[in-house]
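Visitor:
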Amino acid sequence: MKGKTGKLLCIYACAAIAVLGLYAGLSRSGLSDFRLAARYSSSRAFEETVGAVGNLSLALRKSLYATDSGMCCRICSDVYADARAAETAMATLPFSTVEMARISGFLGVAGDYAYSLCPEAAANGFSDEQRSALYDMSAAAEEFAMALSEMQGSITDGTITMDTREVRIENVGEAAQQTKLSEQLSEYEESFAAPAALKYDGRYGARDGEETAQKTPEELKKTAADFLGVGEASLDLKYEYSGEDSRRCYSCRGVEVCVDSRGVVSMGSDRIIGDAVLDAAEAEKAAGEFLEQHGYDGLELTARSQNGGAAVFTYAQLMGDALCLNRTLTVSVALDDGSIYAFRADGYESEPAEIVWPEGEIYTSVQQPEGLTLGEVRPVVIESAGGRDLACWEMSYTDEDGRGVVIYVDAESGLQRDIVIK
Numbered sequence: 260m261k262g263k264t265g266k267l268l269c270i271y272a273c274a275a276i277a278v279l280g281l282y283a284g285l286s287r288s289g290l291s292d293f294r295l296a297a298r299y300s301s302s303r304a305f306e307e308t309v310g311a312v313g314n315l316s317l318a319l320r321k322s323l324y325a326t327d328s329g330m331c332c333r334i335c336s337d338v339y340a341d342a343r344a345a346e347t348a349m350a351t352l353p354f355s356t357v358e359m360a361r362i363s364g365f366l367g368v369a370g371d372y373a374y375s376l377c378p379e380a381a382a383n384g385f386s387d388e389q390r391s392a393l394y395d396m397s398a399a400a401e402e403f404a405m406a407l408s409e410m411q412g413s414i415t416d417g418t419i420t421m422d423t424r425e426v427r428i429e430n431v432g433e434a435a436q437q438t439k440l441s442e443q444l445s446e447y448e449e450s451f452a453a454p455a456a457l458k459y460d461g462r463y464g465a466r467d468g469e470e471t472a473q474k475t476p477e478e479l480k481k482t483a484a485d486f487l488g489v490g491e492a493s494l495d496l497k498y499e500y501s502g503e504d505s506r507r508c509y510s511c512r513g514v515e516v517c518v519d520s521r522g523v524v525s526m527g528s529d530r531i532i533g534d535a536v537l538d539a540a541e542a543e544k545a546a547g548e549f550l551e552q553h554g555y556d557g558l559e560l561t562a563r564s565q566n567g568g569a570a571v572f573t574y575a576q577l578m579g580d581a582l583c584l585n586r587t588l589t590v591s592v593a594l595d596d597g598s599i600y601a602f603r604a605d606g607y608e609s610e611p612a613e614i615v616w617p618e619g620e621i622y623t624s625v626q627q628p629e630g631l632t633l634g635e636v637r638p639v640v641i642e643s644a645g646g647r648d649l650a651c652w653e654m655s656y657t658d659e660d661g662r663g664v665v666i667y668v669d670a671e672s673g674l675q676r677d678i679v680i681k
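Read in order, the letters of the sequence shown correspond to residues 260 to 681 in my numbering.
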């Protein structure tokens, strides 16, 4: 019996070894396929980066020769698309490009600048100043495209190698003799000279403006204590971070309040709301009294909603008859006891919008869209792409299917600035 059992064990062991060997062979084969696929994907990503930057360079160069507004607008679209394509392709390379702030920043600004020029270029073409800016970008993009082409040639002849995300034994220890693509790009990043910052009405445009006076940690803590109506000793610092306004957040008996140099940013409670006792009118009154108590005036209620056991009210700043839709705050009232459950004011500024409303109602001469029935028209202030206050007429329509369509028309130029389909 013992001999028979030993033979069986030996047979089973041999079978297990054979199965494991077969599995290892198949896994190795599959791993090789994965490596080939990853290598092809990395090479393809770099080829797309080279192509996108080359197309961006050509599109920017075309701006020097465009004379009619239609072509100028088309060039802006091409520049925007190529810049975004280059950003996307770089993000898929097999190494981190986060550190390449100059190159990434240039691609972002190029696309954003072209995007911001589209409306004006479609009407008037490019100004001399805009052509000059586009020319500077063209030169930088052309230099970058040539550098990428050289790197691509070096990969082809084996002078430099493509990076890999795979950690293998040969990657550990002494550095390889061949230079990697990531190293070449990092070296080029240090010498890349991006054009000077541009002043334009866009996301990345340089803007002149008064900086918010920075408050000390002691002043911020006092602001939070006064808002909650408690002593400063009752507050515990939850977290802080340095930034444009040096935000700090404190907690006190289940309530957290965040403040920065502009004032209170938000406040919220962590308690569970019980069964509703108050109706909507009582909750709205409680919200109004809260705002009045804390010195928020010149506001108009623009929206009401309910989130769980809390009634939510959104207010916007009033500037004469104009509603500032870019300066809002939100108050949430617990319906079980009428207490303020949450407060948000990160989209609010106490200083009024600095605009001069033009005389006349220019919207009366604006061409009306077909298939829409015009309803209410009111003056509003919205925020442009560059964060600028923009005086507009908010024109509310109804389409043939009964859907609401809101069009914002520039009060000065009469151009459409935004379209919202509800």
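Glycine residues also receive a C-beta, built at the ideal position from the N, C-alpha and C atoms. Keep in mind it's a predicted model, so treat the numbers as computed, not measured.
Mapping DSSP to helix, strand and coil, what is SER573?
Guide: The identity of residue 573 in the sequence shown is Thr, whereas the question assumes Ser. In the structure shown, THR573 sits in a strand (DSSP, three-state: E or B).
Visitor: Taking the alpha carbon of LEU407 as the reference point, which residue from SER375, TYR374, VAL516 and GLU446 has its own alpha carbon closest?
Guide: The shortest Cα separation from LEU407 among SER375, TYR374, VAL516 and GLU446 belongs to GLU446.
Visitor: Based on the DSSP secondary-structure assignment, which residues constitute the bridge partners of VAL636?
Guide: DSSP output for VAL636 lists MET654 as bridge partner(s).
Visitor: How far does the alpha helix (DSSP H) with VAL668 in it reach, from first residue to last?
Guide: No alpha helix (DSSP H) contains VAL668, which is instead part of the beta strand (DSSP E) from 663 to 669.
Visitor: Under 9 Å between the Cβ atoms of ALA380 and CYS332?
Guide: Cβ atoms of ALA380 and CYS332: closer than 9 Å.
Visitor: What residues match up with ASP519 in a beta bridge as DSSP calls it?
Guide: Looking at the DSSP assignment, ASP519 forms a beta bridge with GLY522.
Visitor: Flag this pair as yes or no: are the beta carbons of SER375 and ALA644 separated by less than 9 Å?
Guide: For SER375 and ALA644, yes; Cβs fall inside 9 Å.
Visitor: From what residue to what residue does the alpha helix (DSSP H) around ARG343 run?
Guide: Where ARG343 is concerned, the enclosing alpha helix (DSSP H) stretches over 328 to 350.
Visitor: With a 10 Å radius around its C-beta and 16 neighbouring C-beta atoms as the bar for buried, classify ARG586 as buried or exposed.
Guide: Counting Cβ neighbours within 10 Å, ARG586 comes out buried, since at least 16 surround it.
Visitor: Does LEU290 pass the burial test, meaning 16 or more other C-beta atoms within 10 Å, or should it be called exposed?
Guide: Caution is warranted here: a pLDDT of 44 is assigned to LEU290, below 50, making its placement in the model unreliable, and the coordinate value is therefore given only provisionally. The residue in question, LEU290, is exposed, as its Cβ has fewer than 16 Cβ neighbours within 10 Å.
Visitor: Is the beta carbon of TYR600 sitting closer than 9 Å to the one on LEU588?
Guide: Not a contact, by the Cβ cut-off of 9 Å.
Visitor: Taking the beta carbon of PRO476 as the centre, do at least 16 other beta carbons fall within 10 Å, making it buried, or is it exposed?
Guide: Answer is exposed; the Cβ neighbour count stays below 16.
Visitor: Does the count of Cβ pairs from the segment 541 to 552 and the segment 566 to 582 closer than 8 Å reach three?
Guide: Contact holds: three or more Cβ-Cβ distances are below 8 Å.
Visitor: Thinking C-beta only, is MET421 closer than 9 Å to PRO353?
Guide: Result yes, Cβ atoms of PRO353 and MET421 sit closer than 9 Å.
Visitor: Candidates ARG361, GLN576 and LEU393: which alpha carbon is nearest TYR607's?
Guide: TYR607 has its Cα closest to that of GLN576, out of ARG361, GLN576 and LEU393.
Visitor: Suppose you measure from the CA of ALA348 to the CA of ALA392; what does that come to, to the nearest Å?
Guide: Between ALA348 and ALA392, the C-alpha separation is close to 25 Å.
Visitor: For the structure I just gave you, are there three or more beta carbon pairs, one from the segment 315 to 323 and one from the segment 392 to 403, closer than 8 Å?
Guide: Output reads yes: the segment 392 to 403 touches the segment 315 to 323.
Visitor: Output the distance between the C-alpha atoms of ILE414 and GLU307, rounded to the nearest integer angstrom.
Guide: When rounded, the distance between both Cα atoms is 15 Å.
Visitor: Quick check on DSSP: helix, strand or coil for ALA297?
Guide: Caution applies to ALA297, whose pLDDT of 46 falls short of 50 and renders its modelled position unreliable; the value that the coordinates give is listed next. In the structure shown, ALA297 sits in a helix (DSSP, three-state: H, G or I).
Visitor: Assuming LYS480 is part of the beta strand (DSSP E), what are its boundary residues?
Guide: Per DSSP, LYS480 belongs to no beta strand (DSSP E); it is in the alpha helix (DSSP H), 476 to 487.
Visitor: Can the beta-carbon of GLY384 be found less than 9 Å from the beta-carbon of SER336?
Guide: The answer is no: Cβ separation not under 9 Å.
Visitor: Once you ignore the five residues that flank LEU315 on each side, which residues in its own chain have a CB closer than 7 Å to its CB?
Guide: Cβ neighbours of LEU315 beyond the five flanking positions: VAL338, ASP341, ALA342, ALA345, ALA369 and ALA400.
Visitor: Is ASP538 closer than 9 Å to GLY568 when the C-beta atoms are compared?
Guide: No, the Cβ-Cβ distance between GLY568 and ASP538 is not below 9 Å.
Visitor: Count the CB pairs spanning the segment 626 to 645 and the segment 549 to 567 that are closer than 8 Å, and state whether there are at least three.
Guide: Counting Cβ pairs under 8 Å, fewer than three are found: no touch.
Visitor: The alpha helix (DSSP H) with GLN473 in it runs from where to where?
Guide: Taken as a continuous stretch (DSSP letters only), GLN473 belongs to no alpha helix (DSSP H), as it is neither H nor E.
Visitor: Considering only the alpha carbon of each residue, which of ASP605, GLU449, MET578 and GLY513 lies closest to GLY522?
Guide: Among ASP605, GLU449, MET578 and GLY513, the Cα nearest to that of GLY522 is on ASP605.
Visitor: Ordered along the chain, which non-local residues of its own chain (more than five positions away) have a Cβ less than 8 Å from that of ARG506?
Guide: For ARG506, where only same-chain residues beyond five positions count, the Cβ hits under 8 Å are GLU499, TYR500, CYS517, VAL518, ASP519 and VAL524.
Visitor: Taking only three categories from DSSP, how would you classify LEU494?
Guide: Note: LEU494 maps to coil in three-state DSSP.
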